[in-house]
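Working notes, structure below.
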Amino acid sequence: MIRYVGSRLLTSVVMVLLSTLVIFLIANTVPGDPALVAMGDMAASDPAQVKAFRAEYGLDLPLWEQYGLFLQRLVHGDLGISISSRRPVLDDIVDYAPATLELATIAFILSIVVGLPLGVLAAVRRDSWIDHVARAVSLIGVSAPTFWLAFIMLAIFYGQLDWAPGPGRLDPVSFPPDRITGLLLIDTALQGDWATFHDAAAHLVLPSIVLAMATLGLVTRTTRAAMLEALSQDYVRVARAKGLRRRVIVNGHALPNALLPVVTLGGLAYANLLAGAVMTETVFSWPGLGRYTFRSAVTVDFPAIMAITAIVAAVFVLVNLAVDLSYAMLDPRVTKR
Amino acid sequence: MSDVVILPAMASPRARRVRRYGLPILGAGIILAWALAATFAPWICPYDPNFVDVAQRLRPPSAANWLGTDALGRDVLTRVIYGARTSLSVGLIVVLLGGAFGTLLGAAAAYVRGWAEEALMRATDLVFCFPPIILAMAIAAALGIGAVNTAIAMLVVWWPKFARLARSLVITQRSMEYVEAAQSIGFGPGHILVRQIIPNAVGPLVVLVTLDLGNAILVFAGLSFLGLGVVPPTPEWGAMVAEGRELVQQWWVATFPGLAILTVVMGFNFMGDGFRDWLDPHARSR
């Protein structure tokens, strides 16, 4: 087991490094000069300034030296200096990550807490109204564009009904808490600032529902299909013949067997939430990694793009590893093989 | 409740019929309607999609402008119909080109095996490391704005899933007797792969292509929403939602293009699910 985890971790590191190399090569082969973008038209018209700028960020070195430099810094935990914000990329990421982490985690919990029971109920009471509701929810979840859902929710619940607060993490009049973790819910709770806690929670409602929709749809769909499969197995027939209660059969016999595909999906979905966050954060003016990624991409900010690539790839690879390991816990047969 | 079905081996016949024929036909109808509207846009649209009339700006839906007008006084209905041209064609191009490239590569890799197969699979692993939209975003931003550039960016991240599926399909087909028969008749490997194996493995690929068309349209609209899709004033659904996203009171500007995306993606999903049920006898009863 330890050997398995070890070799998987080693492969993961190689994959992450290779993925940064791919992005590095793509970023360097396509047109678009970061120096010109970052300096603006005035400064960019002066060749001497452009040259100095390129030298400062190592953009004048041969490609392989640039990449070598990136790796060398990476080993020391240094992700380089962002060309557009002119701050260390690591500082930028530390600033922006908590907002996305808070949003994505709540959206993930929401999609599991709602999607799993909904999928189970839809399978057990198939063709009933709840099955139709589940189908509609998952259909909208996978078909509706996230950015449009975000707009509709804001237009209805903020614009028309005024039930929810507007975009942003806090009202402009609220004082942000002292930064401990950067997660507003936790920081305000730790400092006992319940008014701001309430404000932060209210601001999370709409964006987390929007972000959860796509994942929620997939979770519901997958759970329903897996439950239908499990319920048609012989062991369920046996359990029924023995006269076990329905609740025991569904929760004790069928559900554990149906969980495997849901876990696979859940892991990938969590990693994907970070990507979905780009749209949600744009509409809700959420100061998170999604916005930061977008801005870095548009300004061709190499160091920031490389760092985000490495981090996103690492999260993906680690989540996949966690998913594979959880198989062993959910299905004892996996380890025996 | 005593009517709980614990052994749902079969759905009710009526529900099954609706699912098996009703939804796929509805989906095909939606797609056909959009395709026709896109093709005949200049004849059916009441206005010019780029005709600016500031005096008519932000008019709510009315008899003259069924879906209202946007911030520049352009007719929303006309722009939604013209938008179908961009979305449908980019979706088709990305999925068909990406699908063809990925399928050939994956199938060839599985057929020749050895290091080529290994290298290809690792390459697809790499692309799978990223959420596609982030990679596409970086490439699209670097290439510059424009529908063609965005389509290129999407193609870069689009082929791997087809390569994977095609590879697994070819691996299962490769050991079939008809392949051996074709070899013993003396057909070459290229002929066997393209004329024998791929036609036999095409079913799941058709399902993936159909479901994926909706997905490609969603991703393109998303990139476009972020400002990486089309050059304004080209009418495009994602860009239209972006233009209207601040206009909470003038809801029609952003709502209708979004509904257009929703219906197209739903249409492809209905069709894809239908194809899958027809091809998979096991899933048919569900």
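As they're listed, the protein sequences go chains A and E.
Be aware that the first sequence starts at 1, since it is given in the numbering used here, and climbs by one per residue.
Be aware that the second sequence starts at 1001, since it is given in the numbering used here, and climbs by one per residue.
Built from N, CA and C at the ideal position, the CB exists for glycine as well.
The structure presented is a predicted model; accordingly, all values stated were derived computationally and were not measured.
Query raised in the report: Around the C-beta of Y96 (chain A), are 16 or more other C-beta atoms found within 10 angstroms, so that it is buried, or is it exposed?
Result: buried
Query raised in the report: Which ranges would you report for the alpha helix (DSSP H) in the region 278-331 of chain A if only whole runs of at least 4 residues count?
Result: 289-298, 302-330
Query - Start and end residues, alpha helix (DSSP H) containing S111 (chain A) - result: 89-124
Report task. Can you give me, in chain order, the residues of the region 139-152 of chain A that have a beta carbon less than 9 Å from any beta carbon in chain E? Result -> Residues passing the 9 Å Cβ filter: L139, I140, V142, S143, A144, P145, T146, F147, W148, L149, A150, F151, I152.
Query raised in the report: Closest by CA to K1161 (chain E), which one among E:L1126, E:F1220, E:I1093, E:R1059?
Result: Looking from the CA of K1161 (chain E), the closest CA among E:L1126, E:F1220, E:I1093, E:R1059 belongs to E:L1126.
Query raised in the report: Apart from the five residues on each side of it in sequence, which residues of its chain come closer than 7 Å, Cβ to Cβ, to I1116 (chain E)?
Result: A quick correction: the sequence has Ala, not Ile, at residue 1116 (chain E). Excluding positions up to five away in sequence, the list reads A1109.
Query raised in the report: Using a beta-carbon distance below 9 Å, is I1261 (chain E) in contact with chain A?
Result: Residue contact check for I1261 (chain E) against chain A: a CB pair falls below 9 Å.
Query - Reference A1141 (chain E), options E:S1089, E:L1023, E:D1053, E:V1230, closest by Cα - result: Taking A1141 (chain E) as reference, the option from E:S1089, E:L1023, E:D1053, E:V1230 with the minimal CA-CA separation is E:V1230.
Query raised in the report: Looking at V1253 (chain E) and M1266 (chain E), is the spacing between their C-beta atoms short of 9 Å?
Result: no
Report task. Can you say whether N1065 (chain E) is buried or exposed, counting buried as having 16 or more other CB atoms within 10 angstroms of its CB? Result -> buried
Requested in this report: For the region 104-129 of chain A, enumerate the residues whose C-beta is nearer than 9 Å to any C-beta of chain E, in chain order.
Outcome: Correct list: A123, V124, R125, R126, D127, S128.
Requested in this report: Kindly indicate if chain E contains any beta-carbon less than 9 Å away from that of A202 (chain A).
Outcome: no
Requested in this report: Within the same chain, show all residues whose beta-carbon is closer than 6 Å to that of R1284 (chain E), passing over the 5 residues directly before and after it, in chain order.
Outcome: The predicted model places R1284 (chain E) with a pLDDT of 47, which falls under 50 and marks its position as unreliable, so this point remains unresolved.
Query raised in the report: Which residue comes first and which comes last in the alpha helix (DSSP H) that contains H76 (chain A)?
Result: H76 (chain A) -> no alpha helix (DSSP H), and no H or E assigned at all.
Query - Per-residue burial, S143 (chain A) [other beta carbons within 10 Å of its own, 16 or more giving buried] - result: Counting Cβ neighbours within 10 Å, S143 (chain A) comes out buried, since at least 16 surround it.
Query - Members of the region 1179-1198 of chain E that neighbour chain A once the beta carbon cut-off is set at 9 Å - result: none
Query raised in the report: Name the residues in the region 47-80 of chain A whose C-beta lies less than 8 Å from a C-beta of chain E; which are they?
Result: none
Query raised in the report: Quick one: does T293 (chain A) have its CB under 9 Å from some CB of chain E?
Result: yes
Query raised in the report: What are the start and end residues of each continuous alpha helix (DSSP H) run of 4 or more residues lying completely inside the region 1140-1217 of chain E, in chain order?
Result: The qualifying runs are 1147-1174, 1177-1185.
**Report entry** Cα-Cα separation between A225 (chain A) and N320 (chain A), rounded to whole angstroms
**Finding:** 22 Å
**Report entry** Inter-stretch contact (C-beta, 8 Å, three-pair minimum) for the region 164-181 of chain A and the region 190-200 of chain A
**Finding:** Touching, per the Cβ criterion.
Query raised in the report: Do you know how far the Cα of F1270 (chain E) is from the Cα of S1002 (chain E)?
Result: For S1002 (chain E), the pLDDT reaches just 40, beneath the cut-off of 50, and the residue's location in the model is therefore unreliable, although a value from the coordinates is still provided. Each residue's Cα considered, the two are about 32 Å apart.
Query raised in the report: Taking just the CA atoms, how far does L216 (chain A) sit from I1006 (chain E)?
Result: Because the pLDDT at I1006 (chain E) is just 48, under 50, the model does not fix this residue reliably, and the point stays unresolved.
Requested in this report: Give a yes or no on whether 9 Å exceeds the smallest Cβ distance from V1248 (chain E) to chain A.
Outcome: yes
Query - Nearest to T264 (chain A) (by Cα), restricted to the options A:R240, A:L218, A:A99, A:P207 - result: A:L218
Query - Backbone secondary structure at D1075 (chain E) - three-state DSSP - result: strand
**Report entry** For G1027 (chain E), the first and last residue of its enclosing alpha helix (DSSP H)
**Finding:** 1023-1039
Requested in this report: With DSSP collapsed to three states, give me the class of T220 (chain A).
Outcome: helix
Query raised in the report: Does S19 (chain A) have its Cβ less than 9 Å from a Cβ in chain E?
Result: Cβ-Cβ to chain E under 9 Å: yes for S19 (chain A).
Query - Per-residue burial, G1188 (chain E) [other beta carbons within 10 Å of its own, 16 or more giving buried] - result: exposed
Query - contact_flag[the region 118-136 of chain A, the region 307-320 of chain A] where n(CB pairs < 8 Å) is 3 or more - result: no
Query raised in the report: Is any beta-carbon of chain A found at less than 9 Å from that of W1251 (chain E)?
Result: yes
Query raised in the report: Distance, Cα to Cα, P165 (chain A) vs L274 (chain A)?
Result: 23 Å
Query raised in the report: In chain E, what lies closer than 7 Å to A155 (chain A) by C-beta?
Result: V1248, W1251, listed in chain order.
Query raised in the report: Alpha carbon to alpha carbon, what distance is there between D1048 (chain E) and I1261 (chain E)?
Result: 21 Å
Query raised in the report: Based on Cα-Cα distance, which residue from A:A241, A:G266, A:M213, A:P261 lies nearest to R135 (chain A)?
Result: A:M213
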